[in-house]
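Chemist: Chains as they are written, first to last, in UniProt numbering: chain A, 1 to 304; chain B, 1 to 155.
Glycine is no exception: its CB is placed at the ideal position from the N, C-alpha and C atoms.
1. Is residue 221(A) helix, strand or coil when you go by DSSP?
2. Just how far apart, CA to CA, sit residue 289(A) and residue 246(A)?
3. When burial is assigned at 16 or more other CB atoms within 10 Å of the CB, is residue 73(A) buried or exposed?
4. What did DSSP end up calling residue 78(B) once you bin it into helix, strand or coil?
5. For residue 175(A), I'd like the list of residues in its chain whose CB is within less than 8 Å of its CB, leaving aside the five on either flank, ordered along the chain.
6. From this set, 216(A), 284(A), 255(A) and 6(A), which residue's C-alpha is nearest residue 329(A)'s C-alpha?
7. Go ahead and pull the three-state DSSP assignment for residue 42(B).
8. Classify residue 234(A) as buried or exposed, calling it buried when 16 or more other Cβ atoms lie within 10 Å of its own Cβ.
9. In terms of DSSP beta bridges, what is residue 133(B) paired with?
10. Is there at least one Cβ from chain B nearer than 9 Å to residue 280(A)'s Cβ?
11. Using a cut-off of 7 Å between C-beta atoms, extract the partners of residue 125(A) located in chain B.
12. What does residue 119(B) reach in chain A if we use C-beta pairs closer than 7 Å?
13. CB-CB under 6 Å to residue 140(A), same chain, minus the five flanking residues each way: which ones, in chain order?
14. When you compare each of 249(A), 66(A), 57(A) and 283(A) to residue 273(A) by their alpha carbons, which one comes out closest?
15. Quickly, what does DSSP pair residue 203(A) with across the bridge? List them, please.
16. Give the residues of chain B in contact with residue 86(A), contact being defined as C-beta atoms less than 9 Å apart.
17. Using the C-alpha atoms, what's the distance from residue 117(B) back to residue 148(B)?
18. Rank 59(B), 124(B) and 126(B) by C-alpha distance to the C-alpha of residue 48(B) and give the top, closest one.
19. Does residue 97(B) get closer than 9 Å to chain A when you measure Cβ to Cβ?
20. Which residues in chain B sit within 8 Å of residue 112(A), going by Cβ to Cβ distance?
21. Can you name the residues of chain A whose CB is closer than 7 Å to the CB of residue 56(B)?
22. Just confirm the distance between the C-beta atoms of residue 179(A) and residue 8(A), as a whole number of angstroms; I'd bet it's less than 8 Å.
23. Going by beta carbon distance, what residues of the same chain come within less than 6 Å of residue 77(B), once the five residues before and after it are set aside?
24. At a Cβ threshold of 9 Å, is residue 135(B) touching chain A?
25. Determine, using beta carbons only, whether residue 107(B) comes closer than 9 Å to chain A.
26. Who does residue 103(A) pair with in a DSSP beta bridge?
27. Do you know whose CA, among 95(A), 77(A), 87(A) and 17(A), lies nearest residue 42(A)'s CA?
28. Kindly identify the DSSP beta-bridge partner or partners of residue 88(B).
29. Does any residue of chain E have a CB that is nearer than 9 Å to the CB of residue 141(B)?
30. Residue 141(B) and residue 123(A) look like a contact to me (Cβ under 8 Å); what is the Cβ gap, rounded to whole Å?
31. Could you pull the start and end residues of the beta strand (DSSP E) that residue 104(B) belongs to?
32. Let me see if you follow: with CB-CB separation under 9 Å, is residue 112(B) close to chain A or not?
33. Alpha carbon to alpha carbon, how far is residue 68(B) from residue 172(A)? Give it in angstroms, no decimals.
34. Nearest-angstrom Cα distance between residue 70(A) and residue 97(A)?
35. Would residue 268(A) pass as a contact of residue 244(A) if the rule is Cβ separation under 9 Å?
36. Please classify residue 210(A) as buried or exposed, where buried requires at least 16 other C-beta atoms within 10 Å of its C-beta.
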């Protein structure tokens, strides 16, 4: 890693990604060797939005490296409620920690915050922008299950507001991946992501239906379509129903199809898929620990 | 410069003539440059003047002020064909084209209302200039060339 911070998947080269995934594999194989790697170091957790798994997995990852965490707690009981700017909050908290993890509801928040601090800052989600640490664990899961080159992947659901989708699509441009995007017309990829995919020369296709490409996929990455994105309840129900999968949907899929989801899911993946060999989303969530350990290890040990 | 517009907008003695501005953009040019007449300078504006090159063009003349290249480069976003003529004693002594800058800051607002640059933070919106628009350095929103004028952060 040559990065001071991890803000966007667009900052990551193939070399950066492979460095994190390789380190994560080392940790997976021998976690005991890393148990005291960062003893005495403190990670600051700044979550301005609710989070369960991302917050817990960073917390666990730091502790498994021998370090500790400080958490600013919920926004409701913090100085943010008193009107403090984000720029001030991170400048104060960097004095308490060796690295910061930030989640914030505004796009660009992590980028801005990184301009005000000297310690490494990790973007754990900025509005509908980016979520690059999720992408690293997604890539780790894909590499373990299907391989990252000569890959055919379908990414389905809310592509417009889904930050995990934006980061994953950008990161996959570093690999020999054919990307298929499946969504309703109103939730297509945003202009900036389409711009980058086009500029990278990647093989990209957009679809409104899964059926036409399902048999060709090695990986299907499903995301949740959120009710609040639709002004009309009926419109939501109509659209969301078309992007749900169950065991019957998968009859035309390859036996080796890997199904992923950043979680939490609501009803976009039926529980009758959970016991099939396709279901990889819980393994994917568990991979958050070695991958975030690897990321923290690399960011905390590089010469600064 | 053609003789045509010379007949319509009087010559200046000293200052800057911004010529070949796309028709209808003259007031945005003044707004970007922060020229609103309150400092007493004489400003002449010609709008929709017939032009061989542009069909219709705007022209702006600012008396008594020589605009620097860095001041005018930002105009390239809304008036890419503009030429800048520095006039001394009624003669054009320097003629330059606008050059696209790499970055513009504080001039365009991000149209994404949820962008951190629109929150109450101690930063200015900053954009990287693309070949056909600009891109927010914070939230990555792309503003196409034909949308820039509508997002000017002026007045």
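Modeler: For this structure:
1. On the first chain, position 221 is the one that residue 221(A) refers to. In this structure, residue 221(A) counts as strand in the three-state DSSP scheme.
2. Counting from 1 along the first chain, the entry for residue 289(A) is found at position 289. Counting from 1 along the first chain, the entry for residue 246(A) is found at position 246. Distance between the alpha carbons of residue 289(A) and residue 246(A): 28 Å.
3. For the purposes of this step, residue 73(A) is taken as residue 73 along the first chain, with counting starting at 1. Classification of residue 73(A): exposed, given that the 10 Å Cβ count is below 16.
4. The residue given as residue 78(B) occupies position 78 in the second chain. DSSP places residue 78(B) in coil when its eight states are reduced to three.
5. Within the first chain, residue 175(A) is the residue found at index 175, counting from 1. 14, 148, 149 and 151.
6. Outside the displayed range of chain A (1 to 304) lies residue 329(A), so it cannot be described from this structure.
7. By 1-based counting over the second chain, the position of residue 42(B) is 42. Of the three classes helix, strand and coil, the one that applies to residue 42(B) here is coil, per DSSP.
8. Counted from its first residue, the first chain places residue 234(A) at position 234. Exposed is the label assigned to residue 234(A), since fewer than 16 other Cβ atoms lie within 10 Å of its Cβ.
9. As a working mapping, residue 133(B) is identified with position 133 in the second chain. Partner(s): 130(B) and 144(B).
10. To locate residue 280(A), count along the first chain from 1; it is residue 280. No, residue 280(A) does not count as interfacial toward chain B.
11. Locating residue 125(A) in the first chain gives position 125, where the first residue counts as 1. In chain order: nothing, as chain B lies at least about 13 Å away.
12. Counted from its first residue, the second chain places residue 119(B) at position 119. Under the 7 Å cutoff, chain A gives 106.
13. As a working mapping, residue 140(A) is identified with position 140 in the first chain. Counting only Cβ-Cβ distances below 6 Å, and skipping sequence neighbours, we find 21, 24, 287 and 291.
14. By one-based count along the first chain, residue 273(A) stands at place 273. If we check each option's Cα against that of residue 273(A), 249(A) comes out closest.
15. Against the first chain, residue 203(A) aligns to sequence position 203. Paired residue(s): 178(A).
16. Mapped onto the first chain, residue 86(A) falls at position 86. The contacting residues are 116, 119 and 121.
17. Taking the first residue of the second chain as 1, we reach residue 148(B) at position 148. Taking the first residue of the second chain as 1, we reach residue 117(B) at position 117. C-alpha separation (whole angstroms): 16 Å.
18. Numbered from its first residue, the second chain carries residue 48(B) at position 48. Among 59(B), 124(B) and 126(B), the Cα nearest to that of residue 48(B) is on 59(B).
19. In the second chain, counting from the first residue as 1, residue 97(B) sits at position 97. Not one chain A Cβ lies under 9 Å of residue 97(B).
20. Taking the first chain and counting its residues from 1, the one referred to as residue 112(A) is at position 112. Simply 116, 117, 121, 123 and 138.
21. Counted from its first residue, the second chain places residue 56(B) at position 56. Going along chain A, no residue has its Cβ under 7 Å from residue 56(B), so there is no contact; the nearest lies around 30 Å.
22. By one-based count along the first chain, residue 179(A) stands at place 179. By one-based count along the first chain, residue 8(A) stands at place 8. Not quite, the Cβ-Cβ distance comes to about 18 Å (not below 8 Å), so this is no contact.
23. Indexing the second chain from 1 puts residue 77(B) at position 77. Answer for residue 77(B): 148, listed in chain order.
24. Counting from one through the second chain, the residue named residue 135(B) turns up at place 135. With 9 Å as the cut-off, residue 135(B) counts as an interface residue toward chain A.
25. For this step, residue 107(B) is matched to residue 107 along the second chain. So, not an interface residue.
26. For the purposes of this step, residue 103(A) is taken as the residue at position 103 of the first chain. Answer is 47(A), bridged to residue 103(A).
27. Here residue 42(A) refers to the residue found at position 42 when the first chain is read from its first residue. Comparing Cα positions, the closest option is 95(A).
28. Within the second chain, residue 88(B) is the residue found at index 88, counting from 1. Residue 88(B) pairs with 91(B).
29. In the structure shown, chain E cannot be found, because the protein chains are A and B.
30. Along the second chain, one-based indexing puts residue 141(B) at 141. Along the first chain, one-based indexing puts residue 123(A) at 123. At roughly 16 Å, the Cβ-Cβ gap does not stay under 8 Å, so residue 141(B) and residue 123(A) are not in contact.
31. Here residue 104(B) corresponds to residue number 104 of the second chain, with the count starting at 1. Segment 103-105, the beta strand (DSSP E) holding residue 104(B).
32. Position 112 of the second chain, counting from 1, holds the residue named residue 112(B). True, the Cβ-Cβ gap to chain A drops below 9 Å.
33. Here residue 172(A) refers to the residue found at position 172 of the first chain. Here residue 68(B) refers to the residue found at position 68 of the second chain. Cα-Cα distance, rounded: 44 Å.
34. In the first chain, the residue the question calls residue 70(A) occupies position 70. In the first chain, the residue the question calls residue 97(A) occupies position 97. So the two alpha carbons sit approximately 8 Å from each other.
35. Counting from 1 along the first chain, the entry for residue 268(A) is found at position 268. Counting from 1 along the first chain, the entry for residue 244(A) is found at position 244. In this structure, residue 244(A) lies closer than 9 Å to residue 268(A) by Cβ.
36. By 1-based counting over the first chain, the position of residue 210(A) is 210. Counting Cβ neighbours within 10 Å, residue 210(A) comes out buried, since at least 16 surround it.
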